[in-house]
């Protein structure tokens, strides 16, 4: 197929901006190229504060979130891919449903989080800044403690980049990966899970 390049997503700290913290010049410049600006950590902001930030950010498209939780259908260029050949999707070495679009990282410590419900079940995925490194053993122990249906990932560890794609009950075999753009993990469950808890547990696997 033909790769369709989409505008980037930029994640900003809405709470810090509301407190008067200015954006660095590089982020100000990047705003012009962003297809969507995710205003993260916005749960404590009242309507007046949000309106003031919205005026400040015009004409950017804004999405107010907490923990950068971003619905798939809000991504620039998102198309419902229910008609996509499942065999092709399953053979991908990357968790494709996490989103194949560029990310303008405002905070390398905050991952992009996406969740959705599909015919396979409930899935949640994260994309972490490529500078973040994970302990593979901790990631493995964490995954072994959960009852997911499927896990797909590319992880940046101290020893390099590794991928894995495993079904429930099967052993996880790490493979060397050439992917370098970000660490990403997708988990598919039979029922919705607590995203905040899962994200905190994954963050606990960081080096």
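In the UniProt record's numbering, the protein residues as written are 1 to 207. Beta carbons: idealized from backbone N, C-alpha and C, even for Gly.
Which class does residue i belong to by DSSP, given the choice of helix, strand or coil?
i           : result
residue 116 : strand
residue 43  : coil
residue 151 : strand
residue 242 : The shown model of the chain, from 1 to 207, leaves out residue 242, and the question about it has no answer.
residue 85  : With a pLDDT of only 39 at residue 85, under 50, the local geometry of the prediction cannot be trusted, and the value read off the model is given with reservation. In this structure, residue 85 counts as coil in the three-state DSSP scheme.
residue 10  : strand
residue 142 : helix
residue 66  : coil
residue 186 : strand
Whose C-alpha, out of the options, is nearest the C-alpha of residue i?
i           : options            : result
residue 111 : 203, 8, 44         : 203
residue 133 : 182, 117, 147      : 182
residue 166 : 153, 158, 160, 176 : 153
residue 38  : 140, 52, 13, 46    : 13
residue 116 : 161, 42, 195       : 195
residue 188 : 121, 58, 113       : 121
residue 155 : 26, 131, 191, 65   : 131
residue 65  : 57, 40, 53, 46     : 40
Please state whether the Cβ-Cβ distance between residue i and residue j is less than 8 Å.
i           : j           : result
residue 157 : residue 135 : yes
residue 20  : residue 61  : no
residue 127 : residue 180 : no
residue 207 : residue 106 : no
residue 49  : residue 16  : no
residue 124 : residue 198 : yes
At the 8 Å Cβ level, is residue i part of the contact set with chain D, yes or no?
i           : result
residue 186 : As a matter of chain content, chain D is missing from the structure shown, which is built from one protein chain.
Start and end of the alpha helix (DSSP H) containing residue i?
i           : result
residue 29  : 25-30
residue 110 : Taken as a continuous stretch (DSSP letters only), residue 110 belongs to no alpha helix (DSSP H), as it is neither H nor E.
residue 198 : 195-203
Per DSSP, residue i forms a beta bridge with which residues?
i          : result
residue 55 : In DSSP, residue 55 forms no bridge with anything.
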